[in-house]
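Enquirer:
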């Protein structure tokens, strides 16, 4: 092993360790790795930023803007509206919603497709009384399956296409992934329509009594004129028909007490209440309480101009790790936090001091006309059907036309994928299907920074001969295996690594290794690149390996250990079906 190889392995090993440690954000890890590689001399200084001009970065960023435009246009909601009224049974709901998300994920980014369908699922659950936890995880897994079907469905496909282009001079095209991806998606959705029964029963979730939701925590002040001044905690809870609990009382501005039922309430007490949103709102109104953060909105004269919305804090939100005091929520965004829910865990701090986490459910008060913009700026996804007519007319026909033209140009090979999707993003913005601000908000900048930083770092494995070294070890391990067994081995390896790394980082490291392994075994590399893409795109075991899984964790009320219940059998099925499908459509033995 040469010094350059040791440096390359050491830096990439440190990247993996830092990502698993999870104390530094992944884009920062990527930048540190790039600087270290340049300082070590294994990445030439003049090539340090070539990753940021790579087609991968352009395609991923543009696809996110196109996905946001399709979501804002309302075309999906309009298409689904006739179907939602007929989805009465649980089996039908899971089949239609998971199937629809899977299909849409083939042509827009899977995280965008899931975000479009989540409000629809929540409305269906609210209307029919189906626990939303039954619907959301199958939808998240369906979005991952759908992303396997085309080049732009998920980042791993885009990255392996680039690796193939470097090896053979010819990248994978838009629908090269479709035969294998479609077979896996069909079997996967069929499994999800019956496999949802593996999910634990009675999970608290969602945003309303029809959802069996986790209790929200809210703070309300007992004003002097309230009928409950001088009465007991038990009397107040009984008045709320025992659907709301007084979890704590804050007195003297900072002393927090856990009361028993006989405690007497005094004017000015701050009551920490727990219950679902409907019960909380009813008790606050009937008991004459005053929500602590229910401030008057500046410039609003009519009460109808104020909106109260429930939303989930997304992984990209700038609020993560910060309290509403630190975010300066009211002064900067014109919004008030009324209540908070965190997957059933009790909130032990004052709401204004709680540091928000990805997946938290929040109840926000803001101006009606600014709901969409406020949620977009905060990085929150609304948990109710979006009113797409607020402030603008949805341009559904334009969105469909631009998307259809883009797919056609790519499928026929008339325009390169990067240029086609970049043009689509520009067109969606210029034609005002999506505002310029929303377009910039839709782009996941940390992902692009990670990709731009790690592309030259991952290249060092190839340029130093590291991939050949690893492939040599793996080929020895695979000597006793048939070609299909070696293919399954590389898919399982990618699938096992993905929960600990970002899926893009997994492919950047594993794709060259997979291709080199195929060469060592005398097999065609295309099949092994497909296996790496599928393995990296199918993290069904944890909520942290992919953003789609993280997005549904809060609204679904899932716990970390819930994912493997449905995800483990699905992963086994993907390995079996995926390996067979790859071997069928991408022959392993060179002709």
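Numbering (my numbering), first residue to last: 14 to 604.
Just so it is clear, CB atoms sit at the ideal spot from N, CA and C, and this is done for glycine as well.
This one's a predicted model, so the numbers in the text were calculated from it and none came from an experiment.
Does residue 314 pass the burial test, meaning 16 or more other C-beta atoms within 10 Å, or should it be called exposed?
Expert: The predicted model places residue 314 with a pLDDT of 45, which falls under 50 and marks its position as unreliable; any figure quoted below should be read in that light. Burial call: exposed.
Enquirer: Kindly list the residues whose CB is nearer than 7 Å to the CB of residue 449, restricted to its own chain and excluding five residues on each side of it in sequence; keep chain order.
Expert: Around residue 449: 442.
Enquirer: Where does residue 283 fall in DSSP's three states?
Expert: Strand, per DSSP.
Enquirer: For residue 129 and residue 461, what's the separation of their Cα atoms in angstroms?
Expert: Those two C-alpha atoms are separated by around 22 Å.
Enquirer: What whole-angstrom Cβ distance do residue 117 and residue 126 have, given they're in contact under 8 Å?
Expert: 4 Å between Cβ atoms; contact.
Enquirer: Could you tell me if residue 275 is buried or exposed, where buried requires 16 or more neighbouring beta carbons within 10 angstroms of its beta carbon?
Expert: Under this definition residue 275 is an exposed residue.
Enquirer: Count the C-beta pairs between the segment 107-121 and the segment 155-164 that are closer than 8 Å, then say yes if the count reaches three, no if not.
Expert: In short, these stretches touch, since the Cβ pair count reaches three.
Enquirer: So what does DSSP say about residue 273, is it helix, strand or coil?
Expert: Residue state, collapsed to three classes: coil.
Enquirer: If distances are taken between C-alpha atoms only, which option among 508, 106, 139 and 542 comes closest to residue 526?
Expert: Considering only alpha carbons, the answer is 542.
Enquirer: Leaving aside the five residues before and after residue 303 along the sequence, list all residues of the same chain whose C-beta is less than 7 Å from its C-beta, in chain order.
Expert: Only 233, 234 and 236 meet the Cβ criterion.
Enquirer: I'd like to know whether the C-beta of residue 15 is nearer than 8 Å to at least one C-beta of chain D.
Expert: Included in the structure is just one protein chain, with no chain D present.
Enquirer: Quick one: Cα of residue 260 to Cα of residue 268, how far?
Expert: Using only the alpha carbons, I get a separation of about 14 Å.
Enquirer: Beta-carbon within less than 6 Å of residue 270's beta-carbon, same chain only, minus the 5 sequence neighbours each way: which residues are those?
Expert: Once the five neighbours on either side are set aside, the close Cβ partners of residue 270 are 262.
Enquirer: With a threshold of 16 other CB atoms inside 10 Å of the CB of residue 167, please say whether the residue is buried or exposed.
Expert: The residue in question, residue 167, is buried, as its Cβ has 16 or more Cβ neighbours within 10 Å.
Enquirer: At a cut-off of 7 Å, would you count residue 443 as near the ligand GDP, judging by its Cβ distance to the nearest heavy atom?
Expert: For the ligand GDP, the structure offers nothing, since it holds no ligand at all.
Enquirer: According to DSSP, is residue 323 helix, strand or coil?
Expert: In the structure shown, residue 323 sits in a strand (DSSP, three-state: E or B).
Enquirer: Specify whether the segment 68-87 and the segment 452-469 touch according to this definition: at least 3 beta carbon pairs, one from each stretch, less than 8 Å apart.
Expert: Yes, they touch.
Enquirer: What are the start and end residues of the alpha helix (DSSP H) that includes residue 39?
Expert: Unbroken alpha helix (DSSP H) run through residue 39: 39-53.
Enquirer: Under three-state DSSP, which class holds residue 328?
Expert: In this structure, residue 328 counts as coil in the three-state DSSP scheme.
Enquirer: Anyone know if the C-beta pair for residue 46 and residue 24 falls short of 8 Å?
Expert: Against a cut-off of 8 Å, the Cβ pair of residue 24 and residue 46 comes out as a contact.
Enquirer: Where residue 486 and residue 534 are concerned, what is the direct C-alpha to C-alpha distance, given to the nearest angstrom?
Expert: Rounded to whole angstroms, residue 486 to residue 534 spans 11 Å at the Cα level.
Enquirer: Are the segment 463-473 and the segment 32-44 touching, with three or more C-beta to C-beta distances below 8 Å?
Expert: Touching, per the Cβ criterion.
Enquirer: Since I believe residue 204 is in contact with residue 508 (beta carbons under 8 Å), could you give me their beta-carbon distance rounded to a whole number of angstroms?
Expert: Contact flag wrong, Cβ pair sits at about 16 Å.
Enquirer: Enumerated in chain order, which unbroken segments of the beta strand (DSSP E) with a length of 3 residues or greater are wholly contained in the segment 445-493?
Expert: Counting only runs of 3 or more, we get nothing.
Enquirer: Between which two residues does the beta strand (DSSP E) harbouring residue 352 extend?
Expert: Counting along the chain, the beta strand (DSSP E) containing residue 352 begins and ends at 349-354.
Enquirer: Quick check: the Cα distance between residue 590 and residue 191, rounded to an integer number of angstroms?
Expert: Rounded to the nearest angstrom, the two C-alpha atoms are 14 Å apart.
Enquirer: Cα separation between residue 582 and residue 200?
Expert: Using only the alpha carbons, I get a separation of about 12 Å.
Enquirer: So, with DSSP's three-state summary, where would you put residue 370?
Expert: The answer is coil: DSSP assigns residue 370 none of H, G, I, E or B.
Enquirer: Please determine, among 436, 18, 182 and 480, the residue with the shortest C-alpha to C-alpha distance to residue 532.
Expert: That would be 480, whose Cα lies nearest to the Cα of residue 532.
Enquirer: From residue 488 to residue 501, what does the alpha carbon distance come to, in whole angstroms?
Expert: Approximately 13 Å, taken between the alpha carbons.
Enquirer: Pull up the distance between the alpha-carbon of residue 70 and that of residue 154, whole angstroms please.
Expert: So the two alpha carbons sit approximately 25 Å from each other.
Enquirer: Would you call the segment 207-214 in contact with the segment 240-254, where contact means no fewer than 3 C-beta pairs closer than 8 Å?
Expert: Too few Cβ pairs lie closer than 8 Å, so no.
Enquirer: Taking the alpha helix (DSSP H) that residue 421 belongs to, which residues open and close that run?
Expert: 409-425 is the span of the alpha helix (DSSP H), which, as asked, contains residue 421.
Enquirer: Just confirm the distance between the C-beta atoms of residue 373 and residue 326, as a whole number of angstroms; I'd bet it's less than 8 Å.
Expert: Yes, they are in contact, since the Cβ atoms of residue 373 and residue 326 sit about 4 Å apart, within 8 Å.
Enquirer: Is the CB-CB distance between residue 88 and residue 437 below 8 Å?
Expert: No.
Enquirer: Should the segment 144-152 be regarded as contacting the segment 179-195, the criterion being three or more beta carbon pairs within less than 8 Å?
Expert: Counting Cβ pairs under 8 Å, fewer than three are found: no touch.
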